[in-house]
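Here's the structure, in C-alpha coordinates; my notes come after.
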Amino acid sequence: MSSLEIATFRKTPLAWQSVARLIAVSALFWAVAAGILFLAAPGIDTYPRLLVFSECSGLAILGFAMLLRPSRWFPKINPTIGWLVTGVIAIPAGYVLGHVIALLALGEPFRLLSPGNDRMVPIIFTVLIAGFGLHYFATREHLANEAMARSEAQRLATESELRLLRAQLEPHMLFNTLANLRSLVKEDATQAELMIDQLITYLRSALAASRTEANTLSDEFVQLRAYLEIMSLRMGPRLSYRLDLPADLARLAVPSMLLQPLVENAIKHGLEPKVGAGSIEVRACRADAGIEISVTDTGLGLRPAGRLQSAADTTSGSYGLLHVRERLRAIYGPKASLTLNPQTPAGVCATVRIPQ
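In this text, residue positions in the sequence shown follow UniProt numbering: the first is 1, and each later residue adds one.
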(Lines of atoms letter the chains of each structure in order from A; the text may use other names.)
(Lines give C-alpha, C1' and ligand atoms only; values in the text may rest on other atoms or scores of the structure.)
Protein backbone atom coordinates (compact mmCIF):
# COMPACT_ATOMS: atom_id res chain seq x y z
CA MET A 1 0.00 0.00 0.00
CA SER A 2 1.36 3.40 -0.95
CA SER A 3 1.47 6.34 1.43
CA LEU A 4 -1.37 7.95 -0.55
CA GLU A 5 -3.53 4.89 0.01
CA ILE A 6 -2.63 4.80 3.71
CA ALA A 7 -3.43 8.49 4.11
CA THR A 8 -6.89 8.08 2.61
CA PHE A 9 -7.89 4.64 3.91
CA ARG A 10 -10.25 6.17 6.45
CA LYS A 11 -12.31 7.82 3.73
CA THR A 12 -13.55 4.99 1.51
CA PRO A 13 -14.79 1.40 2.02
CA LEU A 14 -12.47 0.20 -0.76
CA ALA A 15 -9.48 1.64 1.12
CA TRP A 16 -10.62 -0.12 4.30
CA GLN A 17 -10.69 -3.38 2.34
CA SER A 18 -7.17 -2.64 1.11
CA VAL A 19 -5.98 -2.14 4.70
CA ALA A 20 -7.68 -5.38 5.77
CA ARG A 21 -5.91 -7.26 2.97
CA LEU A 22 -2.62 -5.66 3.98
CA ILE A 23 -3.05 -6.79 7.61
CA ALA A 24 -3.99 -10.33 6.51
CA VAL A 25 -0.95 -10.58 4.21
CA SER A 26 1.28 -9.19 6.97
CA ALA A 27 -0.07 -11.74 9.46
CA LEU A 28 0.69 -14.54 7.02
CA PHE A 29 4.14 -13.08 6.33
CA TRP A 30 5.05 -13.01 10.04
CA ALA A 31 3.65 -16.52 10.57
CA VAL A 32 6.02 -17.76 7.88
CA ALA A 33 8.85 -15.72 9.46
CA ALA A 34 8.18 -17.41 12.83
CA GLY A 35 8.39 -20.80 11.10
CA ILE A 36 11.71 -19.87 9.47
CA LEU A 37 13.13 -18.75 12.84
CA PHE A 38 11.89 -21.93 14.49
CA LEU A 39 13.63 -24.09 11.86
CA ALA A 40 16.78 -21.95 11.60
CA ALA A 41 17.38 -21.77 15.35
CA PRO A 42 16.08 -25.03 16.84
CA GLY A 43 15.61 -24.98 20.56
CA ILE A 44 15.27 -21.20 20.83
CA ASP A 45 11.58 -21.50 21.71
CA THR A 46 8.41 -23.35 20.79
CA TYR A 47 6.70 -22.41 17.56
CA PRO A 48 3.43 -21.25 19.21
CA ARG A 49 5.37 -18.78 21.42
CA LEU A 50 7.47 -17.61 18.49
CA LEU A 51 4.27 -17.16 16.47
CA VAL A 52 2.69 -14.97 19.17
CA PHE A 53 5.79 -12.77 19.52
CA SER A 54 6.30 -12.60 15.75
CA GLU A 55 2.70 -11.63 14.98
CA CYS A 56 2.49 -9.02 17.75
CA SER A 57 5.82 -7.42 16.79
CA GLY A 58 5.16 -7.56 13.07
CA LEU A 59 1.69 -6.03 13.27
CA ALA A 60 2.95 -3.36 15.70
CA ILE A 61 5.75 -2.45 13.27
CA LEU A 62 3.19 -2.29 10.46
CA GLY A 63 0.98 -0.05 12.60
CA PHE A 64 3.81 2.38 13.33
CA ALA A 65 4.77 2.46 9.64
CA MET A 66 1.18 3.21 8.61
CA LEU A 67 1.01 6.04 11.13
CA LEU A 68 4.35 7.52 10.09
CA ARG A 69 4.09 7.39 6.29
CA PRO A 70 1.14 9.83 5.90
CA SER A 71 2.93 12.33 8.18
CA ARG A 72 3.07 15.87 6.80
CA TRP A 73 6.87 15.84 7.23
CA PHE A 74 7.57 12.98 4.84
CA PRO A 75 6.51 14.68 1.56
CA LYS A 76 9.26 17.24 2.18
CA ILE A 77 12.12 14.73 2.15
CA ASN A 78 13.50 12.19 -0.29
CA PRO A 79 11.29 9.05 -0.39
CA THR A 80 14.28 6.76 0.28
CA ILE A 81 15.26 8.77 3.36
CA GLY A 82 11.61 8.79 4.41
CA TRP A 83 11.46 5.01 4.37
CA LEU A 84 14.80 4.79 6.24
CA VAL A 85 13.42 7.09 8.93
CA THR A 86 10.26 5.00 9.03
CA GLY A 87 12.31 1.85 9.57
CA VAL A 88 14.53 3.43 12.25
CA ILE A 89 11.44 4.48 14.22
CA ALA A 90 8.90 1.77 13.42
CA ILE A 91 11.06 -1.34 13.85
CA PRO A 92 12.37 -0.77 17.43
CA ALA A 93 9.12 0.84 18.58
CA GLY A 94 7.05 -1.96 17.06
CA TYR A 95 9.36 -4.62 18.50
CA VAL A 96 9.05 -3.24 22.05
CA LEU A 97 5.28 -2.66 21.80
CA GLY A 98 4.76 -6.08 20.22
CA HIS A 99 6.69 -7.79 22.99
CA VAL A 100 4.64 -5.99 25.62
CA ILE A 101 1.40 -7.08 23.93
CA ALA A 102 2.66 -10.66 23.52
CA LEU A 103 3.76 -10.94 27.17
CA LEU A 104 0.44 -9.53 28.33
CA ALA A 105 -1.37 -12.04 26.10
CA LEU A 106 0.73 -14.89 27.50
CA GLY A 107 0.41 -13.62 31.09
CA GLU A 108 4.17 -13.34 31.57
CA PRO A 109 6.21 -10.57 33.21
CA PHE A 110 7.73 -7.97 30.90
CA ARG A 111 11.26 -8.54 29.59
CA LEU A 112 12.76 -7.17 26.38
CA LEU A 113 15.39 -9.92 25.91
CA SER A 114 14.76 -13.63 26.11
CA PRO A 115 16.92 -15.61 28.55
CA GLY A 116 19.76 -17.74 27.20
CA ASN A 117 22.71 -17.41 24.84
CA ASP A 118 20.50 -16.82 21.79
CA ARG A 119 18.69 -13.78 23.22
CA MET A 120 19.89 -11.51 20.36
CA VAL A 121 18.74 -13.86 17.61
CA PRO A 122 15.04 -12.81 17.68
CA ILE A 123 15.99 -9.12 17.62
CA ILE A 124 18.38 -9.47 14.68
CA PHE A 125 15.91 -11.69 12.85
CA THR A 126 13.04 -9.24 13.41
CA VAL A 127 15.14 -6.32 12.16
CA LEU A 128 16.11 -8.22 9.01
CA ILE A 129 12.60 -9.45 8.24
CA ALA A 130 10.99 -6.07 9.00
CA GLY A 131 13.62 -4.30 6.88
CA PHE A 132 12.82 -6.65 4.00
CA GLY A 133 9.10 -5.92 4.39
CA LEU A 134 9.62 -2.14 4.44
CA HIS A 135 11.86 -2.40 1.37
CA TYR A 136 9.02 -4.21 -0.40
CA PHE A 137 6.54 -1.46 0.47
CA ALA A 138 9.04 1.25 -0.50
CA THR A 139 9.51 -0.38 -3.91
CA ARG A 140 5.77 -0.75 -4.34
CA GLU A 141 5.18 2.89 -3.45
CA HIS A 142 7.90 3.99 -5.89
CA LEU A 143 6.29 2.01 -8.72
CA ALA A 144 2.85 3.37 -7.81
CA ASN A 145 4.16 6.95 -7.84
CA GLU A 146 5.78 6.37 -11.24
CA ALA A 147 2.52 4.99 -12.60
CA MET A 148 0.66 7.99 -11.18
CA ALA A 149 3.18 10.36 -12.74
CA ARG A 150 2.76 8.67 -16.13
CA SER A 151 -1.01 8.89 -15.81
CA GLU A 152 -0.80 12.58 -14.89
CA ALA A 153 1.51 13.25 -17.83
CA GLN A 154 -0.93 11.50 -20.16
CA ARG A 155 -3.80 13.53 -18.71
CA LEU A 156 -1.90 16.80 -19.20
CA ALA A 157 -1.03 15.82 -22.75
CA THR A 158 -4.66 15.03 -23.43
CA GLU A 159 -5.76 18.37 -21.98
CA SER A 160 -3.19 20.12 -24.18
CA GLU A 161 -4.69 18.36 -27.19
CA LEU A 162 -8.12 19.54 -26.03
CA ARG A 163 -6.94 23.15 -26.04
CA LEU A 164 -5.47 22.65 -29.51
CA LEU A 165 -8.72 21.13 -30.71
CA ARG A 166 -10.67 24.08 -29.31
CA ALA A 167 -8.28 26.49 -31.02
CA GLN A 168 -8.96 24.70 -34.32
CA LEU A 169 -12.73 24.32 -34.02
CA GLU A 170 -13.93 27.51 -32.36
CA PRO A 171 -12.51 30.05 -34.88
CA HIS A 172 -13.97 28.04 -37.77
CA MET A 173 -17.37 27.96 -36.10
CA LEU A 174 -17.09 31.61 -35.05
CA PHE A 175 -16.19 32.90 -38.53
CA ASN A 176 -19.03 31.00 -40.19
CA THR A 177 -21.47 32.25 -37.57
CA LEU A 178 -20.34 35.86 -38.01
CA ALA A 179 -20.71 35.52 -41.78
CA ASN A 180 -24.29 34.31 -41.31
CA LEU A 181 -24.90 37.03 -38.76
CA ARG A 182 -23.81 39.69 -41.24
CA SER A 183 -26.50 38.54 -43.66
CA LEU A 184 -29.16 38.27 -40.95
CA VAL A 185 -28.59 41.84 -39.75
CA LYS A 186 -29.96 43.09 -43.07
CA GLU A 187 -32.57 40.40 -43.67
CA ASP A 188 -33.98 39.59 -40.22
CA ALA A 189 -32.91 41.75 -37.28
CA THR A 190 -34.87 39.61 -34.79
CA GLN A 191 -33.08 36.42 -35.86
CA ALA A 192 -29.77 38.27 -35.82
CA GLU A 193 -30.41 39.39 -32.24
CA LEU A 194 -31.28 35.84 -31.23
CA MET A 195 -28.11 34.52 -32.83
CA ILE A 196 -26.01 37.13 -31.01
CA ASP A 197 -27.57 36.10 -27.69
CA GLN A 198 -26.82 32.43 -28.34
CA LEU A 199 -23.30 33.23 -29.52
CA ILE A 200 -22.64 35.14 -26.29
CA THR A 201 -23.93 32.18 -24.24
CA TYR A 202 -21.81 29.74 -26.21
CA LEU A 203 -18.61 31.79 -25.99
CA ARG A 204 -19.11 32.43 -22.27
CA SER A 205 -19.56 28.68 -21.66
CA ALA A 206 -16.58 27.79 -23.87
CA LEU A 207 -14.38 30.31 -22.05
CA ALA A 208 -15.42 28.94 -18.64
CA ALA A 209 -14.83 25.36 -19.83
CA SER A 210 -11.35 26.22 -21.09
CA ARG A 211 -10.35 27.24 -17.56
CA THR A 212 -11.42 24.05 -15.81
CA GLU A 213 -10.88 20.34 -16.30
CA ALA A 214 -14.37 19.30 -15.22
CA ASN A 215 -17.86 20.66 -15.70
CA THR A 216 -21.35 19.68 -14.65
CA LEU A 217 -23.58 17.97 -17.18
CA SER A 218 -25.99 20.88 -16.75
CA ASP A 219 -23.32 23.36 -17.90
CA GLU A 220 -22.33 21.06 -20.75
CA PHE A 221 -25.93 20.93 -21.95
CA VAL A 222 -26.26 24.72 -21.70
CA GLN A 223 -23.27 25.06 -24.01
CA LEU A 224 -24.61 22.41 -26.39
CA ARG A 225 -27.99 24.11 -26.48
CA ALA A 226 -26.38 27.45 -27.42
CA TYR A 227 -24.27 25.76 -30.11
CA LEU A 228 -27.22 23.83 -31.56
CA GLU A 229 -29.40 26.93 -31.49
CA ILE A 230 -26.76 28.79 -33.49
CA MET A 231 -26.51 25.92 -35.97
CA SER A 232 -30.29 25.68 -36.31
CA LEU A 233 -30.44 29.40 -37.08
CA ARG A 234 -27.76 28.89 -39.73
CA MET A 235 -29.27 25.73 -41.25
CA GLY A 236 -32.91 26.71 -40.83
CA PRO A 237 -35.51 23.90 -41.10
CA ARG A 238 -32.78 21.45 -42.15
CA LEU A 239 -31.80 21.01 -38.49
CA SER A 240 -33.87 20.19 -35.43
CA TYR A 241 -32.51 19.07 -32.10
CA ARG A 242 -33.54 17.67 -28.71
CA LEU A 243 -31.64 17.65 -25.40
CA ASP A 244 -32.65 15.23 -22.64
CA LEU A 245 -30.93 15.62 -19.25
CA PRO A 246 -32.63 14.10 -16.17
CA ALA A 247 -32.63 16.36 -13.12
CA ASP A 248 -30.74 13.82 -10.98
CA LEU A 249 -27.79 13.91 -13.42
CA ALA A 250 -27.57 17.69 -13.77
CA ARG A 251 -24.83 18.09 -11.13
CA LEU A 252 -22.76 15.14 -12.33
CA ALA A 253 -19.16 16.17 -13.06
CA VAL A 254 -17.74 15.27 -16.48
CA PRO A 255 -14.64 16.41 -18.42
CA SER A 256 -15.15 19.88 -19.88
CA MET A 257 -16.40 19.97 -23.49
CA LEU A 258 -16.46 16.18 -23.69
CA LEU A 259 -19.61 16.15 -25.82
CA GLN A 260 -18.90 19.16 -28.04
CA PRO A 261 -16.69 17.25 -30.55
CA LEU A 262 -19.38 14.55 -30.88
CA VAL A 263 -22.13 17.07 -31.65
CA GLU A 264 -19.90 19.02 -34.06
CA ASN A 265 -18.89 15.79 -35.78
CA ALA A 266 -22.55 14.76 -36.17
CA ILE A 267 -23.47 18.07 -37.79
CA LYS A 268 -20.37 18.57 -39.93
CA HIS A 269 -20.11 15.03 -41.31
CA GLY A 270 -23.69 13.82 -40.97
CA LEU A 271 -26.28 16.57 -41.22
CA GLU A 272 -24.69 19.45 -43.15
CA PRO A 273 -23.76 17.35 -46.23
CA LYS A 274 -27.19 15.68 -46.22
CA VAL A 275 -29.88 16.84 -48.60
CA GLY A 276 -33.07 17.57 -46.70
CA ALA A 277 -33.97 17.85 -43.03
CA GLY A 278 -32.20 16.06 -40.22
CA SER A 279 -32.20 15.93 -36.46
CA ILE A 280 -29.83 15.40 -33.56
CA GLU A 281 -30.62 14.21 -30.05
CA VAL A 282 -28.33 14.34 -26.99
CA ARG A 283 -29.55 12.16 -24.13
CA ALA A 284 -28.09 11.28 -20.72
CA CYS A 285 -29.30 8.38 -18.59
CA ARG A 286 -28.20 6.03 -15.85
CA ALA A 287 -26.97 2.55 -16.74
CA ASP A 288 -25.87 -0.50 -14.77
CA ALA A 289 -22.18 0.41 -15.00
CA GLY A 290 -22.59 4.19 -14.56
CA ILE A 291 -23.75 6.93 -16.91
CA GLU A 292 -24.50 6.78 -20.64
CA ILE A 293 -24.62 9.88 -22.84
CA SER A 294 -25.69 9.39 -26.44
CA VAL A 295 -25.47 11.73 -29.41
CA THR A 296 -27.78 10.45 -32.15
CA ASP A 297 -28.19 12.01 -35.58
CA THR A 298 -30.14 11.18 -38.74
CA GLY A 299 -27.34 12.21 -41.08
CA LEU A 300 -25.45 10.36 -43.79
CA GLY A 301 -24.24 7.63 -41.46
CA LEU A 302 -20.87 6.00 -40.92
CA ARG A 303 -18.19 6.03 -43.55
CA PRO A 304 -15.40 3.44 -43.29
CA ALA A 305 -13.10 6.06 -41.75
CA GLY A 306 -15.85 7.08 -39.35
CA ARG A 307 -15.42 3.86 -37.43
CA LEU A 308 -12.04 5.12 -36.31
CA GLN A 309 -10.38 1.73 -36.23
CA SER A 310 -6.91 3.22 -36.44
CA ALA A 311 -5.26 5.91 -34.32
CA ALA A 312 -3.52 7.10 -37.47
CA ASP A 313 -6.83 8.29 -38.85
CA THR A 314 -6.63 12.03 -38.09
CA THR A 315 -9.19 13.56 -40.40
CA SER A 316 -11.00 16.43 -38.75
CA GLY A 317 -14.03 14.42 -37.66
CA SER A 318 -12.13 11.31 -36.65
CA TYR A 319 -9.57 13.38 -34.76
CA GLY A 320 -12.36 14.72 -32.55
CA LEU A 321 -13.61 11.18 -31.87
CA LEU A 322 -10.09 9.93 -31.21
CA HIS A 323 -9.55 12.81 -28.80
CA VAL A 324 -12.72 11.97 -26.87
CA ARG A 325 -11.58 8.36 -26.53
CA GLU A 326 -8.13 9.39 -25.32
CA ARG A 327 -9.62 11.76 -22.73
CA LEU A 328 -11.94 9.04 -21.43
CA ARG A 329 -9.04 6.58 -21.21
CA ALA A 330 -6.78 9.08 -19.44
CA ILE A 331 -9.38 10.14 -16.87
CA TYR A 332 -11.45 7.00 -16.23
CA GLY A 333 -9.28 4.16 -17.50
CA PRO A 334 -10.60 1.15 -19.44
CA LYS A 335 -14.03 1.27 -17.77
CA ALA A 336 -15.05 4.30 -19.87
CA SER A 337 -15.71 4.03 -23.59
CA LEU A 338 -16.98 5.71 -26.74
CA THR A 339 -18.79 3.56 -29.28
CA LEU A 340 -20.29 4.41 -32.68
CA ASN A 341 -23.28 2.49 -34.02
CA PRO A 342 -25.18 2.97 -37.29
CA GLN A 343 -28.85 3.93 -37.10
CA THR A 344 -31.75 2.74 -39.25
CA PRO A 345 -32.56 4.01 -41.86
CA ALA A 346 -29.64 6.45 -41.59
CA GLY A 347 -27.48 8.22 -39.07
CA VAL A 348 -25.08 7.44 -36.24
CA CYS A 349 -25.36 7.03 -32.48
CA ALA A 350 -22.21 7.94 -30.53
CA THR A 351 -22.45 6.64 -26.93
CA VAL A 352 -20.16 7.71 -24.10
CA ARG A 353 -20.11 5.41 -21.06
CA ILE A 354 -18.68 6.81 -17.83
CA PRO A 355 -18.27 4.65 -14.71
CA GLN A 356 -19.51 5.77 -11.31
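For glycine and all other residues, C-beta sits at the position ideal for the given N, C-alpha and C.
Looking at the DSSP output, D297 sits in a beta bridge with I280, V348.
Taken through DSSP and simplified to helix, strand or coil, I44 comes out as coil.
Using a 10 angstroms sphere on the CB of F125, the tally of other CB atoms reaches 16 or more, which defines it as buried.
Collapsing the DSSP output to three states places R21 in a helix. For T86, the enclosing alpha helix (DSSP H) stretches over residues 79-106.
Within the same chain, A102 come within 6 Å of F53 by CB-CB distance, once the 5 residues on both sides are set aside. In the same chain as L243, and ignoring 5 residues on each side of it, the C-beta atoms closer than 7 Å to its own belong to F221, L224, R225, V282, in chain order. Around the C-beta of V88, fewer than 16 other C-beta atoms lie within 10 Å, and the residue is accordingly described as exposed. A straight-line Cα-Cα distance of about 12 Å links I36 and I44. By the C-beta density criterion, N265 is buried, having at least 16 other C-beta atoms within 10 angstroms.
Closest in C-alpha terms to M195, from the list K186, N180, L97, comes N180.
Closest option to P345, judged by alpha-carbon separation, among L321, G320, D297, A253: D297.
Restricted to the region 200-266, the beta strand (DSSP E) segments that are unbroken, complete and at least 3 residues in length are 214-216, 239-244, 253-255, listed in chain order. In the three-state scheme derived from DSSP, where H, G and I count as helix and E and B as strand, E272 is classed as coil. About 5 Å separates the beta carbons of L338 and V352, which is inside the 8 Å limit, making them a contact pair. Here Q198 has A226, E229, I230 as same chain residues with Cβ atoms under 6 Å from its own Cβ, once five neighbours each way along the sequence are excluded. By the neighbour-count definition (other C-beta atoms within 10 Å, threshold 16), E187 is an exposed residue. Per DSSP, L302 lies in no beta strand (DSSP E) and is assigned neither H nor E. The criterion of a C-beta distance shorter than 8 Å is satisfied by L300 and P273. Burial state of S57 is buried, judged by a 10 Å Cβ sphere holding 16 or more other Cβ atoms. DSSP places A289 in the coil class of the three-state scheme, outside both helix and strand. Between I280 and L249, the CB-CB gap reaches or exceeds 8 Å. P342: member of the beta strand (DSSP E) spanning 337-342, first to last residue. Counting C-beta atoms within 10 angstroms of its own C-beta, Y136 has fewer than 16 neighbours from the protein chains shown and is therefore classed as exposed. Going by beta carbons, G278 and R238 fall inside the 8 Å limit.
Cβ-Cβ distances below 8 Å link T80 to A138 in the same chain, with the five nearest sequence neighbours on each side left out; the list follows chain order. DSSP places P122 in the helix class (H, G or I) of the three-state scheme. Between the alpha carbons of K335 and A287 lies a gap of roughly 13 Å.
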